[in-house]
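Protein chains in written order, with my numbering: chain A, 579 to 895; chain R, 439 to 745. Structure, as structure tokens:
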């Protein structure tokens, strides 16, 4: 296949011809959708190509929608992905948007023929105008630069825990959402299927108390967040330590912490909790060097400033 | 620590002291800091730290864990116009450092305090040196990012620590691998994450830009919207308060235009200039003033008309 080169004719007609040629030729991975370049991405609809049936099956499996969930497709084309979701999971609802009115009509008809029209709807709408607040699963297969731009909308609007699904066919790999890297990559087929989980916002100052062995301990923590990657530190008394084994998946946060606690000695903390805006609620399991274990409730609250920074002094004990 | 212990420590360091340092890490890092950290940096490591930090006249150089004062005294000797202060948790080392600064004739510009590094005031400093356990430098990172002004340089000597992420996911801006252990340099980044807006008039057309910026320390990503068109930034760079990025976007009435922005971040403003390259070889340079906004018109409806 003769892949169009950079210095190709950028006129609308030439761009359209090149796209159609590429699609007709099966557009094997050598020609990513990214090729068409930024200039054309918003001038033309992303060319429509149906997803391979096995890829759709893998996407449905990876997203693992639960009953009652809402699945969204940005650039829904002829509707094959959402119809497959609806057939595999009778308890879900779905809607898709597409910039091409003709494809929206075809998708609507296909949903009717498949007998899922009461649960699957299609709208003639710009993906940037889709309301993602209620979505549980967001599927995208668009120009790479459009996908990257839609990231801003997803991060600003989708709720923590929403899953983003991208079929890597033709549109690139892990970097497709920039520095927000996939949480899961399914490499079973010819092309990877990637999944991201929208992270809760945990960046900032937090504080909580634990009563351990009759002693009240106050924890002042600072968390740094880069999408789903979390780093941080907490202070108890005059001691500060960094968190270890951190994990953020949607609104579920896990933090490990090692601290010398009065009377208990070096104590491993494993916090697990659910982030709810300005609170994190869950439990902490404490285990001491001599094998004692205890599990107590954990309730952290966001604070505008942090006692982490208050003076420490030169007495290290 | 008596002189025999000290000799043993220095011998151990000479013979690959990493094992000794490692033995004292983890649980005891904050206690161990008091006794171990005063081991001397090799003179060429110190020279490389100073060269990398490149202090300018009038700047303030700080050492967190200043030990016997060797590093700051060398800074002051190499750069007669700087001022410097160090803190150490060990009172004996502080006394030794003060005596050393006097002996070397730099005591008027170099001071040492018996103070916890977590209590040092970093608001007015230009260069922060550290040669401490990575566990400690990672914790001190919090204080630096919260308190030091954008552009402050952080210099870390990694000698005796086989560790290249002493500030965690905040990666160095510059790594000097010339000597036996890397010396690392960071620039404290300005805060640019969030929503920004600015406007220009090009060919009598008023153009409004609405931008969304993501930040991971000095790594910037972002996009801007003009009219109904959105594009991602390219060639982003943030060093201290200096921000630069490019934007290729189709402007209403003007056409495809390359923008090269560079400016200085000052709180909720960015001031600088933009070079525009439009079609048919037309170029322009305009002043650029961006303001932080609470919400962004980036998200306002777009519609289905793609032109």
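Virtual Cβ for every residue (Gly too), placed ideally from N, Cα, C.
List, from N- to C-terminal side, the beta strand (DSSP E) runs of 3 residues or more that fit wholly inside the region 692 to 739 of chain R.
Within the region 692 to 739 of chain R, the complete beta strand (DSSP E) runs of at least 3 residues are 693 to 704, 707 to 715 and 721 to 731.
Inspect the beta-carbon positions of residue 817/A and residue 838/A and report whether they are closer than 8 Å.
yes
Residue-level contact to chain A via CB, residue 527/R, 8 Å cutoff
yes
Does residue 654/R have its Cβ less than 8 Å from a Cβ in chain A?
yes
Consider the Cβ of residue 734/A: report whether some Cβ of chain C lies at a distance smaller than 8 Å.
No chain C is present in this structure, whose protein chains are A and R.
Within 8 Å of any Cβ in chain R, is that where the Cβ of residue 654/A sits?
Not an interface residue.
Please report whether the beta-carbon of residue 576/R lies at a distance below 8 Å from any beta-carbon of chain A.
yes
Suppose the cutoff is 7 Å on Cβ atoms and the five residues either side in sequence are ignored; what does the same chain contact list for residue 653/A look like?
Spatial neighbours of residue 653/A in its own chain (CB-CB distance under 7 Å, excluding positions within 5 residues in sequence) are listed in chain order as 624, 676, 705, 718, 719 and 720.
Beta-carbon within less than 6 Å of residue 484/R's beta-carbon, same chain only, minus the 5 sequence neighbours each way: which residues are those?
509 and 512
Thinking just about the alpha-carbon of each residue, which of 634/R, 641/R and 718/R is nearest to the one in residue 703/R?
634/R
Leaving out five residues before and five after residue 668/A in sequence, what residues of the same chain have Cβ atoms less than 7 Å from its Cβ?
none
Quick one: residues in its chain with C-beta nearer than 8 Å to the C-beta of residue 688/A, no 5 flanking neighbours on either side, listed in chain order?
In its chain, beyond the 5 residues on either side, 656, 657, 658 and 661 have a beta carbon closer than 8 Å to the beta carbon of residue 688/A.
To be precise: take each residue of the region 702 to 727 of chain A, compare its Cβ to all Cβ atoms of chain R, and keep it if any distance is under 8 Å. Which residues remain?
Answer set for the region 702 to 727 of chain A: 702, 703, 704, 706, 707, 723, 726 and 727.
Which of the three DSSP states, helix, strand or coil, is assigned to residue 621/R?
Residue state, collapsed to three classes: strand.
Look at residue 796/A and residue 808/A and say whether their C-beta atoms are less than 8 Å apart.
no
Kindly indicate which three-state DSSP category residue 723/A falls into: helix, strand or coil?
helix
CB contact flag (residue 505/R, residue 492/R, <8 Å):
The Cβ atoms of residue 505/R and residue 492/R do not sit closer than 8 Å to each other.
Reduced DSSP secondary structure (H/G/I, E/B, other) of residue 690/A:
helix
Nearest residue (CA-CA) to residue 828/A, options 821/A, 780/A and 867/A:
780/A
Taking buried to mean at least 16 other C-beta atoms within 10 Å of its own C-beta, is residue 614/A buried or exposed?
Because residue 614/A sits at a pLDDT of 44, beneath the cut-off of 50, its placement in the model cannot be relied upon, and the point is left open.
Assuming contact is defined by CB atoms lying nearer than 8 Å, are residue 744/A and residue 650/A in contact in what I supplied?
Not in contact: residue 744/A and residue 650/A (Cβ atoms no closer than 8 Å).
How about residue 739/R: is its C-beta nearer than 8 Å to some C-beta of chain A?
At least one CB atom of chain A sits nearer than 8 Å to the CB of residue 739/R.
DSSP three-state assignment for residue 847/A, whether helix, strand or coil:
strand
Going along the chain, which residues of its own chain have a beta-carbon closer than 6 Å to the beta-carbon of residue 851/A, five neighbours each way excluded?
831, 858, 859, 860 and 876
Limits of the alpha helix (DSSP H) - the one that residue 536/R falls within:
It spans 529 to 541 - the alpha helix (DSSP H) in which residue 536/R sits, taken as one unbroken run.
Under the three-state reduction of DSSP, which class applies to residue 821/A: helix, strand or coil?
Coil, per DSSP.
Can a CB atom of chain A be found closer than 8 Å to the CB of residue 557/R?
yes
Can you find the residues in the same chain that come closer than 8 Å, C-beta to C-beta, to residue 756/A, ignoring five residues on each side of it along the sequence?
726 and 729
Do you know offhand how far residue 867/A's Cα is from residue 623/R's?
38 Å
Just reading off the alpha helix (DSSP H) that residue 483/R is part of, what are its end residues?
Residue 483/R -> alpha helix (DSSP H) spans 481 to 491.
Nearest neighbour of residue 791/A, chosen from 783/A, 840/A and 738/A [CA to CA]
840/A
Using a Cβ-Cβ distance cut-off of 8 Å, determine whether residue 637/R contacts chain A.
Not closer than 8 Å to any Cβ of chain A, the Cβ of residue 637/R fails to qualify, so no.
If we define contact as Cβ-Cβ less than 8 Å, is residue 630/R a contact residue for chain A?
Chain A has no Cβ within less than 8 Å of the Cβ of residue 630/R.
Can you pull the chain A residues whose beta carbon is under 8 Å from the beta carbon of residue 695/R, in chain order?
The premise fails here: residue 695/R is roughly 11 Å from chain A at the closest Cβ pair, so nothing lies under 8 Å.
When the distance is taken between beta carbons, is residue 656/R closer than 8 Å to residue 627/R?
yes
Could you pull the start and end residues of the alpha helix (DSSP H) that residue 659/R belongs to?
That residue, residue 659/R, is in no alpha helix (DSSP H); its beta strand (DSSP E) goes 657 to 664.
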